[in-house]
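Visitor: Pasting a structure below so you can have a look.
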Amino acid sequence: MPETLTQPRPALAYLTRTQERALALTIAVVTANAYYIHPIIGEVARGFGVGEAEIGLVPALNQLALALGILLLLPLGDFYPNRRLCLIFVAGQTLSLGGMVLAPSFALFTAASTALGFFTIAPYLIPAFASKRVAPERLGQVTAQLTAAVIFGILVARVGAGVIAAHTDWHTVYIGALVLMAAVTAFLPFAMKSEGVSPKQSQAGYGALIVSVFTLAARHPDMRISAAIQGLNFAIFTASWLALALHLTGPVMGYGTDDVGYLAGIAAVSVFTTPRLGRWADKVGPRRARVAAAVVQFVGIALFYPLGFSIWGVLVPLFLVNLVGPTVDVTGRMTLFTLAPEIRTRLTTSYIVTMFVGGAVGSAAGTAVFDWGGWGSTCALLLAMSCCVLALALHAERRWRLQSEG
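Residue numbers for the sequence shown follow my numbering, so the first one is 5 and each next one is one higher.
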């Protein structure tokens with residue numbers, strides 16, 4: 005799609021290290037909002053008097069709304085300054101969290117959570133903002149720092165929510181989240197400098213820009229395969245953690261939400277291993293590395309049922325799944341980086357939307373299947389999804405190898 009040419013932008017001042025850390029902290033805080041519910045989902049269900057299948061709607065609709073928000077709002081970065089959009093969307097998240105805290109009914113709580121997901125766009129706009137304001141030789145370092153902030157936010161949300169709910173109640177978790185978001189909303193204008201020059205709009209307009217997301221996806225089957233793999237991978241992530249929280253805090257196991265929170269700390273392994281596995285993928289190729297990660301993930305998921313009736317035993321499959329789960333995502337994104345720069349953002353939009361649709365399906369399916377058949381049925385669902393991930397990864401690797409040889 006043709007773009008309007010613009011005059012070169014004036015040089016922008018580099019971010020200070022303090023501003024870089026502030027932006028990373030912002031990403032961690034706004035990302036965490038979607039994951040507080042993971043260890044406390046059973047407590048929230050009991051608080052509103054709803055069943056396990058019904059409570060699954062909360063994270064499912066949140067993920068679907070996030071996917072819709074990315075599709076409709078992320079392309080606005082081609083029209084308006086990232087700074088202005090981030091301030092608006094972060095404020096929208098804060099208001100939505102306030103609605104969750106004050107919601108008198110399950111329906112209103114779910115509606116506010118859904119709105120929260122729709123406005124969770126800042127983690128995808130801030131890296132673009134920062135990339136224009138760091139020295140070229142530090143771009144990779146800063147990008148990795150912002151990516152690690154996402155993982156850190158998820159980790160702290162799941163551990164912190166479980167511990168706080170065990171000593172107070174689940175409602176306190178969201179009050180604390182609201183305080184954090186209010187603080188982020190207040191200091192973000194100072195952390196993000198004015199962009200000075202607004203992006204130039206596409207000649208074809210916003211509507212055509214959205215349509216081009218779908219037309220480009222239709223023309224790039226390799227992207228579609230990568231997106232499908234990551235959609236399934238994220239479905240495994242959400243379904244496993246939500247079902248595990250219900251399993252461990254249910255009458256059979258009888259653990260508290262703090263135990264689930266401590267268990268979620270196993271995700272810290274990915275903070276340290278993902279950069280190293282990413283460098284390894286640079287050497288062997290993303291598709292081959294993805295196959296290896298999918299094999300390890302399949303082994304881990306196969307161990308969920310036999311080891312899932314001991315809180316110590318379940319550490320083994322959790323370690324394996326968290327070790328390679330983010331690598332499946334990283335290698336999927338790497339397959340997009342070989343494509344033309346002018347289409348990468350829109351292809352990434354398709355990729356991320358598919359990922360969160362998968363997360364929504366996993367949230368709904370994981371809790372519904374657990375409600376229907378318990379832990380064993382959930383493990384069977386996870387294993388089936390893992391089989392699909394491995395099959396698609398093998399297909400993508402073979403397809404790429406044949407194309408290279410041809």
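No residue lacks a Cβ here, since even glycine has one placed at the ideal position from N, Cα and C.
Going by other Cβ atoms of all chains shown within 10 Å of its Cβ, with 16 needed for buried, is ALA132 buried or exposed?
Guide: Within a 10 Å sphere around the beta-carbon of ALA132 sit fewer than 16 other beta-carbons, which makes this residue exposed.
Visitor: Please list, in chain order, all residues of the same chain as THR22 whose beta carbon is under 8 Å from its beta carbon, the five residues on each side excluded.
Guide: none
Visitor: With a threshold of 16 other CB atoms inside 10 Å of the CB of GLY258, please say whether the residue is buried or exposed.
Guide: exposed
Visitor: Which full runs of the alpha helix (DSSP H) of 4+ residues lie inside the stretch 113-176, going along the chain?
Guide: 126-135 and 143-171
Visitor: Taking the alpha helix (DSSP H) that SER216 falls in, what are its first and last residues?
Guide: 209-223
Visitor: By alpha-carbon positions, which one of LEU246, LEU70, LYS136 and LEU68 ends up nearest to ALA49?
Guide: Nearest of LEU246, LEU70, LYS136 and LEU68 to ALA49, Cα basis: LEU246.
Visitor: Could you say which of VAL217, PRO310, TYR40 and LEU213 lies nearest to LEU387 if we only look at CA atoms?
Guide: PRO310
Visitor: What's the call for GLU7, buried or exposed, on a 16-neighbour Cβ count within 10 Å?
Guide: Any reading at GLU7 must be qualified, since the residue scores a pLDDT of 38, below 50, and its modelled position is unreliable; no value is offered.
Visitor: CA-CA distance, GLY363 and ALA231?
Guide: 12 Å
Visitor: Using a Cβ-Cβ cut-off of 7 Å (strictly less than) and excluding sequence neighbours within five positions of LEU9, which residues of its own chain qualify?
Guide: Because LEU9 sits at a pLDDT of 36, beneath the cut-off of 50, its placement in the model cannot be relied upon, and the point is left open.
Visitor: Please state the DSSP three-state secondary structure of ALA306.
Guide: helix
Visitor: Could you give the uninterrupted runs of the alpha helix (DSSP H) lying entirely in the stretch 261-320, keeping only those of 4 residues or more?
Guide: 261-268, 272-288, 290-306 and 308-311
Visitor: Can you tell which of ALA32, MET359, MET227 and GLY46 has the C-alpha that lies nearest to the C-alpha of ILE462?
Guide: What is shown of the chain runs 5 to 410, which leaves residue 462 out entirely.
Visitor: Is SER109 helix, strand or coil when you go by DSSP?
Guide: coil
Visitor: Alpha carbon to alpha carbon, how far is ASN237 from VAL332? Give it in angstroms, no decimals.
Guide: 7 Å
Visitor: Given a cut-off of 8 Å, decide if ALA239 and MET389 are closer than it, judged by their beta-carbon atoms.
Guide: yes
Visitor: Taking ALA249 as the reference, which of GLU24, ALA17, LEU324 and ILE41 has the closest Cα?
Guide: ILE41
Visitor: Just to confirm the assignment, what range does the alpha helix (DSSP H) spanning GLY55 have?
Guide: Judged by DSSP secondary structure, GLY55 falls outside any alpha helix (DSSP H); it is assigned neither H nor E.
Visitor: Since SER274 contacts PRO330 with CB under 8 Å, what's their CB separation in whole angstroms?
Guide: 5 Å
Visitor: Residues in the same chain with beta-carbon distance under 6 Å from LEU252, minus the five sequence neighbours each way, listed in chain order, please.
Guide: TYR259 and VAL264
Visitor: Taking the Cβ atom as the reference point for each residue, do THR30 and VAL62 lie within a distance shorter than 8 Å?
Guide: no
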